[in-house]
Structures are given as structure tokens and as C-alpha cells.
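Written below as C-alpha cells is the structure these notes are about.
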Amino acid sequence: MVKKSMVGFMDNVVGVVVVLIMVVVAVDAFSVDLTLVQGAVAKGAVCLDGSPPGYHFDKGFGTGVDNWIVHVEGGAWCNNVTTCSARKKTRLGSSNYMDKKTTFSGILGNNKERNPDFYNWNRIKVRYCDGASFTGDVEVVNPVDKLYFRGQRVFRAVISELFTKGMINAKQALFSGCSAGGLTAILNCENFRALMPKTTKVKCLADAGFFIDGYCLINFFVNVIFISKCFLLDPTCEALLCCAVLKASD
Numbered sequence: 025m026v027k028k029s030m031v032g033f034m035d036n037v038v039g040v041v042v043v044l045i046m047v048v049v050a051v052d053a054f055s056v057d058l059t060l061v062q063g064a065v066a067k068g069a070v071c072l073d074g075s076p077p078g079y080h081f082d083k084g085f086g087t088g089v090d091n092w093i094v095h096v097e098g099g100a101w102c103n104n105v106t107t108c109s110a111r112k113k114t115r116l117g118s119s120n121y122m123d124k125k126t127t128f129s130g131i132l133g134n135n136k137e138r139n140p141d142f143y144n145w146n147r148i149k150v151r152y153c154d155g156a157s158f159t160g161d162v163e164v165v166n167p168v169d170k171l172y173f174r175g176q177r178v179f180r181a182v183i184s185e186l187f188t189k190g191m192i193n194a195k196q197a198l199f200s201g202c203s204a205g206g207l208t209a210i211l212n213c214e215n216f217r218a219l220m221p222k223t224t225k226v227k228c229l230a231d232a233g234f235f236i237d238g239y240c241l242i243n244f245f246v247n248v249i250f251i252s253k254c255f256l257l258d259p260t261c262e263a264l265l266c267c268a269v270l271k272a273s274d
């Protein structure tokens, strides 16, 4: 009898906790519209399926009006024609499947108590649709699979459009990302710094975007490099990755 009472009590506690979490999230979160990058298709800066890339932008205010945070969403990678072809039929490979609105919370939230450092900054969430952490740039498109590996062009097109919306005057800028977006922040940090004005204080943040060099991951990511022509990686780095795969397969 006591056990049943305890079970019932714990079920009630869990239920209350879940409700409280949902309430907190609801209070902290809000929706932001999707914006497609203007003129991106003409520049060849497109998602895997050839559609224009997109982002969500919530304007800064008060003391944060001249500060910017550009955050890239995660979503793993595709590493061959089969996985990339499947991916282009999802939000991670085409803006045609992206939600027209997304929820901003956490580091992108505008609640001063919950996000005291960035709540009033210009906050951008960049949608991830190239399958290779915004590193590839393959000019030729196979007429059969019709896959576009143009992540680096997408990256530059997004930053260029944000400049027209005021980021060119940024006093501080944080380039961040989560998971595959975190790897984007690592690989594109120097590029982001180079594109920003010299007077802008720039920092990069990889949230869960540093991956241990286990055999399975290395083997997978080498294929990502080859199919997307990830020119951001130093040739020495590519060679080391390949050697690691060969050594592990012996």
C-alpha cells in the first residue's frame, strides 16, 4: 500500500515538474519568421536542392542594438549521394521544407532574466541546409542527382545580407552554433572574423560542436569532405584524416 502511494506521489511530482518546465519554456520562447536570402539563387548560394537559404532575425534594442549574435542550427551531415539526396527532401536540405516560423529561446531569447548577456542583441538563427557545416563549394552540378554543395557560398550570402540589415556597423559580434552548427562556428570562425569590420569585437562559440576523433566519425566525415569539396580544411588536415581512416581499417 505504501509502495503504491509512493508511486502515485512520484507520478504527481513528475507531472508537476513537466508542467512547470513547459510553462517556463512558453514564457521564455517566442516565434520569429523565416527570411529567405535575396538574390542567393543568382549567386549560386543555395541549399542542397537548389532552393535559397534562410534565417530568422529578431532585431536588437536598447544597449544591444549594435551587437549581433549569429547562431547556426545543427543537424549532422550527409556524406554520399544517397544520404544527401534524402536530405534535400527535408528542412536540412531545402528551404521548401523549413518551418515559416521558429522558436527563439535560450541564447536567442529576449528575456533579460534568462538571457542576461544577449537578450537585447540582434539575434539570428541561420538555417542549416548544405549538409557539410557550410564548408563546401562545388561548381559543377550533376544533372542526374542535382545536388548543390554550396555551403561556403551560403555562408557568405547570409553574412552579406545581414550587413545590409545593420551588422556592418556591429560593435560586438558572436558567431555560434550547436552540434554540426558548432563545427560551423569552428571551421568558419576565421572567415567570419575576416568578413566583419576590423573595429568589431568578434568571438566564436561552438556549443557541442567539438567531435572526438573516433574511427566511425572520421570515416564518415572524410566522405563529407570529398563529396562537398570542403576547401576550408588545410590539405595537411585532410591528409591526416585519410591516414587515420586507413590506419583504423588495417
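With the working numbering as the guide, the letters of the sequence shown map in order to residues 25 to 274.
A virtual CB, placed ideally from N, CA and C, is assigned to each residue, including glycine.
Taking 6 Å as the limit between beta carbons, can you name the residues of its chain near residue i, skipping five residues before and five after?
i	result
V105	D169
F199	V94, A209, F216, C228
G206	A230, D231, A232, G233
R275	The requested residue 275 does not occur in the structure, where the chain is confined to residues 25 to 274.
S75	S118, S119, N120
Buried or exposed: which applies to residue i, given that a residue is buried once 16 or more other Cβ atoms fall within 10 Å of its Cβ?
i	result
L55	Reading off the sequence shown, one finds Ser at residue 55, where the question assumed Leu. S55 is exposed by the Cβ-count criterion.
A218	exposed
N103	buried
E185	buried
A69	buried
P167	exposed
K113	exposed
V47	For V47, the predicted model reports a pLDDT of 46, less than 50, meaning its position is unreliable and no value from the coordinates is stated.
A159	Rather than Ala, the amino acid found at residue 159 in this sequence is Thr. T159 comes out buried.
Who are the near neighbours of residue i in its chain, counting only those whose CB is closer than 8 Å to its CB and skipping five residues on each side?
i	result
F128	A53, F54, S55, V56, H80, D82, N134, R147, K149
I288	In the structure as shown, the chain starts at 25 and stops at 274, and residue 288 therefore has no counterpart that could be examined.
K225	K195, Q196, A197
C213	F199, C228
Thinking C-alpha only, which one of the options is nearest residue i?
i	options	result
V61	K113, L132, R180	R180
K360	A110, A66, W92, C202	The requested residue 360 does not occur in the structure, where the chain is confined to residues 25 to 274.
V89	K124, D141, T159, K113	D141
G175	V165, M191, C153	C153
L171	E97, T107, A204	T107
A64	P221, M191, V178	V178
P221	I192, K67, A204, E214	I192
G201	G84, G99, D161, K67	G99
S109	V182, V165, G84	V165
A204	R151, I131, V162, E163	R151
V182	R138, D73, G78, A66	G78
G84	L132, C213, E214	L132
K67	G130, K136, D161	D161
With which residues is residue i paired in a DSSP beta bridge?
i	result
R54	The identity of residue 54 in the sequence shown is Phe, whereas the question assumes Arg. Its beta-bridge partners are F128.
C102	Partner(s): none; C102 has no beta bridge.
F199	V94, C228
V150	Y79, V96
T59	Y79
Output needed for residue i: all residues of its chain with C-beta closer than 7 Å, excluding positions within five of it in sequence on either side, in chain order.
i	result
K125	S55, V56, D57, L58
G86	N144
E163	none
L72	C108, R111, K112, G117, S118, C153, D154, G155, L171, Y172
K136	Y143
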